[in-house]
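The next block holds one structure in the form of C-alpha cells; read it before the comments.
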Amino acid sequence: MTAMPFLGTATSALTGHYATVLIFVLVGFVFAGLALGVAKLIRPSNPSPAKMTTYECGELPIGSSWIRFNVRFYLIALFFIVFDVEVIFLYPWAVMFRTLYPIAGLGAIVFWEMIIFLGILTLGLAYVWAKGDLDWVKKLTERPENGAATAALEEEASAP
Amino acid sequence: MNVGLPHFLTVSAILFSLGLFGVMSRRNAVGILMGVELMLNAANINFVAFSRYVEHSINGQMMAAFVIVLAAAEAAVALAIVLAMYRNFGTVHADSVQSLKR
Amino acid sequence: MELNLNIPSWSDLRFWLPEAILCITFLVALLGDLVVRGRRTWVPFAVSVAGLITAGAYAVAAMNHGLDAGQFQGHTIMGSLMIVDGMAGFFRLLFIFASLVTVLFAWTSEEIMGKRRENKGEFYALTVLLTAAMMVMAEARDLLMLFLSMEAVGLISYVMAGYMRTSLRSSEASLKYVLFGAVSSAIMLYGMSLLYGMTGAMEFDGIRNALISGTVDPFALLVVVVLILAGMSYKIAAVPFHYWCPDVYEGAPTPVSAIFSVGPKAAGFALMIRFFYTTFAAGTDAGTQLVQDINWPLLVAVMSVATMTYGNLVALRQTNVKRMLAYSSIAHVGYLLMGFVLLSSAGLASILFYLLVYTLMNLGAFFYVVAINNHLKSEELSDYVGIGFRAPWAGAMMVIFLASLTGVPPFAGFVGKFYLFTAVLDKQWFWLAIVAALNSVVSLYYYFKVVRAMFLSTPAEGTDMSPLKLHWLQYVVLAMLAIPTLALGLFFEEFKGLADMAIGMMGG
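Chains as they are written, first to last, in the working numbering: chain S, 86 to 245; chain F, 82 to 183; chain V, -18 to 489.
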C-alpha cells in the first residue's frame, strides 16, 4: 500500500483509500459539471411548450406515475429475492474454491456441498413452476377446488 | 478523524432505535417489516464491526451474511402472508385485523 | 485476519442421521406431492410417516448406543456448530414422537384434509421439516446455529399457521405470528451481537470462558441477557412475550396448534437450557457468582410467576376450548420456568421430565378438540354440552388429559409438577412454590369446566345426542397418548432417570 505523496506519509492506509474515493467522487462531479456547463454556453436556447413535456415515447403522459402496482409484481419480487440471495453463499464459496479444492479429502465435500445447496434451490424453483405460480395469469381450470375455496372463505367469514 | 469501533456502534444503535420506533409506530404491516429490517441490519453492523475490531476473525462477517439471507427469507414469507391477508381482509393495516377474540 | 475453517467431514453425518433423514423426507414428500399433482394425498402422508419412523429408529439406536457406552457426552458436528449429546438425544425422541402423532392425527382432521382444502401435502412435508429444525435447536452450540435454527423453526411455523390461506382466522393468526416473531428475533439478534462483542466468541464455551474470566461488566451483561431472553421467551410464549400465543393457537388449524403448543416450546426450552447452562458455567463457583451478579434467579422467578398467573387467570374466563388450552399452555410455561430459576441440574432435569409429560397430555387435549371439531365445526364450550356421552371412550381419555394438566394424582402431570416443586423447595424458594401451588388450584376450575360441560351438564331439549363416530386412527392416537399419561403417573422412575441422564450427559 503506497501512501499517496501529496497527502503526506502520515495518513494511514485506511485514510489513503478513502482519499482515493473522495478524489474520484470530486473528479466525477467536476467532469459532469464541466460538460453540462460548456454545453449550456455554446448551445442555442430556443424553448417551446412541446419541448418541456415529460417524454413518454412521443406520447403525452396520461395520469400520475404514482399508481398502485398489480399485486403480481410482489410475487415476482418474492421469487427474485429467494433466488437472488443465494449468491451471497456462492460468492465466498467461489473465492475459496480454488484454494480448498486441491486439499485431499476436502475438495469433494466443498464441491458437493454447493451442488446439494443449488439442487435444493432448483427443487424450490421447480415446485413454484409446477404449481403454476410463475404464470402471469394462473390457470383456474386446473384447480377445481378454487371455487370451493372461495365458498370456504365466505363460510368462515360468517363463522364467529 | 479515525473511524473506530464506537462510530460503528453508534450508527448501529441509532439504526436499531429507528427500527424499533418504526415497528411500534407503524400500522401498516409492510412498514413494521421494514422496521424489522432496520433492526436486523443494526445487528449486522455490530457483528461486522466486532469481527473487525474485537475478534479479528471472519466469524462475525459470516454471521452477517447468514442474517442477510434469513432477513430475505423472512421478508419473503412475511410478504406472502401479508398478501394472503390483503386478499382476505382487503387491508394491510395490522391493527384493523381483528377476527380473533381479544 | 486468521482463517479458521469449520469444514465438516462426511463422517459427521453418522451422528446426524435422524436430521438428515428428515430433511430428505421433506424433499421427497414435497416432490411426491408434486408428482401426484396434489390428488393422492396419501403419498406425502406415507412418505412423512415412513421418514419419521425411520428417523425415530435411528434416534433410539443412537440413544441406546450412547447409554450403553455409559456416556453420551457428545460429538460436535459441522465443525463445532452443533453437538449431539444426551440432551439432544432426549429431545430428538420427544420431537419425533410429537410430530408422528400429529401427522397421524392430522390425516383424520377436517381442517387439514377437508375436501375444500388446498395443498394438503405441504402440511406433512412442513411438519417433517419443522421436526428437523427443532432438533437442530436442541443441538446448537454456537450463536450462528442458534439463530439459524430458531429462524428456521419460526419461518416454517409462520407458513403452517397460515395453512388455511383462504380463512380469515388462519391468515390473521399467521400475520400476528410473523410480526411478533420477526420483531422479537431482531431484538434477540441485537443482543447476540452485543454478546459477541463483549466476549469475542460465537461458540457457547468460548462465551463461557470470556464470561467467567470476569472482564465483563455485570450491568452490560444483564442488558444482553434481557435482550436474548426476549427472543427466547417469545419462542416459549412466556409473559411478557405471549401476545401472539392465544390468537395463533385459536386461528391456526387445530392440529397445527397442537404441534405448536409442544414442539417449538420444548425446542425453545432445550435452547435456553443449553445456552444459559453452558454460558453461565452453571455448577461452578464462578458461574454461581455470575448468576448472582446479574440477579438471574429473581429475573426468571418473576417471569415464571407472571406467566403462570396470567395464563391461569385469563384461561378462567375463556368460552372457547381451543383458546382456553392456549392460555393453559402459557400457564404451563410458567411452571416450567420454575425449574430454570436456579440453573441447577435437578431443576433442569425436572424441566425435561415435565416437557415429556406435557407433550403427552397437551397433545391429547388438543387432539380431542380436533376430533370434536370434525363433527361440531365448533370449539365453543357451550357446544360441548353432553358431548362426553356421545363418544364415551374419547371423552374418558379427555378427562385423563385434563386431570393430568391440572396435576391431580395419580396422573403424570402430578409427578411432573412434584419434581418441579421439589427443585425450587430444595433451594428454599418457598414463595415461588406456594404461588405455583395456588395457581394449580385455580387451573382446576377451568379444566373442570370442560369436564362438567362434557359429562355433567344437562343438554337443552332437542340437542342431538346421537353417538359420534370417530375415525379408528383417532382412537389409536388418543390411546397412544392417554396410556403413557396414566403409566407415567405410576411408573415414572425410568423416565425421570432418562431426564436426569440427559442433563448429566450435556456436553459443553
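Note that CB positions come from ideal geometry on N, CA and C, so glycine has one too.
This structure is a prediction, so every number in the text was calculated from the model and none was measured.
Beta-bridge partners of residue i, as assigned by DSSP
i: V:VAL65; result: V:HIS56
i: V:GLY184; result: As written in the sequence, residue 184 of chain V is Glu, which differs from the Gly given in the question. V:ASP123, per the DSSP bridge assignment.
i: F:HIS174; result: F:ASN109
i: V:ASN301; result: V:GLU361
Best match in the options for proximity to residue i [C-alpha to C-alpha]
i: V:GLY491; options: V:VAL338, V:MET126, V:LEU323; result: Past the edges of chain V, shown from -18 to 489, lies residue 491 of chain V, and the structure says nothing about it.
i: V:PRO236; options: V:ALA418, V:VAL82, V:ALA480, V:ALA463; result: V:VAL82
i: V:TYR224; options: V:GLN270, V:LEU156, V:SER194, V:LEU208; result: V:LEU156
i: V:GLU231; options: V:GLU120, V:ALA42, V:ALA307, V:PHE392; result: V:ALA307
i: V:ALA79; options: V:ASN343, V:ALA404, V:LEU425, V:ALA483; result: V:ASN343
i: V:LYS358; options: V:PHE72, V:GLU91, V:ASP14; result: V:GLU91
i: V:LEU110; options: V:TRP88, V:THR89, V:VAL84, V:GLU99; result: V:VAL84
i: V:ALA251; options: V:PHE71, V:ALA191, V:SER421, V:LEU202; result: V:PHE71
i: V:LEU437; options: V:VAL366, V:GLY388, V:ALA468, V:HIS452; result: V:VAL366
i: V:ARG21; options: V:ARG(-5), V:GLU103, V:TRP(-9); result: V:GLU103
i: V:LEU210; options: V:SER331, V:LEU462, V:VAL423, V:PHE128; result: V:PHE128
i: V:ARG150; options: V:ALA233, V:MET116, V:PHE86; result: V:ALA233
i: V:VAL9; options: V:ARG(-5), V:PRO(-1), V:LEU(-2), V:VAL24; result: V:VAL24
i: V:HIS452; options: V:ALA352, V:GLU132, V:ALA414; result: V:ALA352
i: S:VAL222; options: S:LEU160, S:SER130, S:ALA120, S:VAL123; result: S:LEU160
i: V:PHE200; options: V:VAL159, V:LEU271, V:MET145, V:GLY470; result: V:LEU271
i: V:LEU176; options: F:GLU136, F:ASN109, F:SER177; result: F:GLU136
i: V:MET44; options: V:ASP66, V:VAL28, V:GLY32; result: V:ASP66
i: V:LEU33; options: V:ILE64, V:TRP277, V:ALA163, V:LEU(-2); result: V:LEU(-2)
i: V:ILE77; options: V:ALA114, V:HIS46, V:ARG97, V:ASP14; result: V:ALA114
i: V:HIS46; options: V:VAL314, V:ILE93, V:ARG(-5); result: V:ARG(-5)
Assigned exposure category for residue i - 16 Cβ within 10 Å defines buried
i: V:ASP123; result: buried
i: V:TRP374; result: exposed
i: F:ASN169; result: buried
i: F:ALA175; result: buried
i: V:PHE161; result: buried
i: S:ILE201; result: exposed
i: S:THR105; result: exposed
i: F:GLY100; result: buried
i: V:THR439; result: exposed
i: V:GLU120; result: buried
i: V:ASP49; result: exposed
i: S:ASP169; result: exposed
i: S:ASN155; result: exposed
i: S:GLY300; result: The structure shown has nothing for residue 300 of chain S, since chain S only spans 86 to 245.
i: V:SER166; result: buried
i: V:TYR427; result: buried
i: V:ALA218; result: buried
i: V:TRP412; result: exposed
i: V:ASN420; result: buried
i: V:ALA36; result: buried
i: S:GLU239; result: Residue confidence for S:GLU239 is low, a pLDDT of 38 falling below 50, so the modelled location carries little weight; the figure read from the coordinates is stated next. It is exposed - the Cβ of S:GLU239 has fewer than 16 other Cβ atoms within 10 Å.
i: S:ALA237; result: Residue placement at S:ALA237 cannot be trusted, given a pLDDT of 41 that sits under 50; the coordinates are not used to answer.
i: V:PRO448; result: exposed
i: V:ARG189; result: buried
i: V:SER325; result: buried
Task: Segments assigned alpha helix (DSSP H), at least 4 residues, entirely inside the segment 120 to 205 of chain V - done: 124 to 142, 149 to 180, 185 to 193
Open item on the list: So, does the segment 454 to 463 of chain V touch the segment 368 to 386 of chain V, judging by three or more C-beta pairs under 8 Å?
Closed with: yes
Open item on the list: Quick check: the segment 160 to 168 of chain F against the segment 178 to 192 of chain S, are at least 3 beta-carbon pairs closer than 8 Å?
Closed with: no
- [ ] Mind listing, in chain order, the continuous alpha helix (DSSP H) runs of no fewer than 4 residues lying wholly within the segment 364 to 435 of chain V?
- [x] 368 to 371, 373 to 387, 393 to 407, 411 to 432
Open item on the list: Check whether the segment 387 to 397 of chain V and the segment 330 to 343 of chain V are in contact - that is, three or more C-beta pairs closer than 8 Å.
Closed with: yes
- [ ] Would you be able to state if there are at least three C-beta pairs under 8 Å between the segment 280 to 289 of chain V and the segment 237 to 249 of chain V?
- [x] no
Task: Segment contact, 8 Å Cβ cut-off, at least three pairs: the segment 193 to 210 of chain S with the segment 130 to 141 of chain V - done: no
TODO: Would you check if there are 3 or more beta carbon pairs closer than 8 Å linking the segment 398 to 406 of chain V to the segment 313 to 323 of chain V?
DONE: yes
Open item on the list: Check whether the segment 252 to 271 of chain V and the segment 296 to 306 of chain V touch, using three or more Cβ-Cβ pairs below 8 Å as the test.
Closed with: no
TODO: Specify whether the segment 204 to 220 of chain V and the segment 171 to 186 of chain V touch according to this definition: at least 3 beta carbon pairs, one from each stretch, less than 8 Å apart.
DONE: yes
Task: Uninterrupted beta strand (DSSP E) stretches inside the segment 259 to 338 of chain V (no shorter than 3 residues) - done: none
- [ ] Would you mind listing the alpha helix (DSSP H) stretches within the segment 212 to 237 of chain V that are 4+ residues and don't spill past its ends, in chain order?
- [x] 225 to 232
Open item on the list: Going residue by residue through the segment 135 to 204 of chain S, where are the continuous alpha helix (DSSP H) segments of at least 4 residues, counting only ones entirely within it?
Closed with: 157 to 169, 172 to 185
TODO: Answer yes if the segment 184 to 195 of chain V comes into contact with the segment -5 to 15 of chain V, meaning at least three C-beta pairs across the two stretches below 8 Å, and no otherwise.
DONE: no
Open item on the list: Report the start-end ranges of each beta strand (DSSP E) in the segment -4 to 58 of chain V that is 3 residues or longer and not cut off at the edges.
Closed with: 56 to 58
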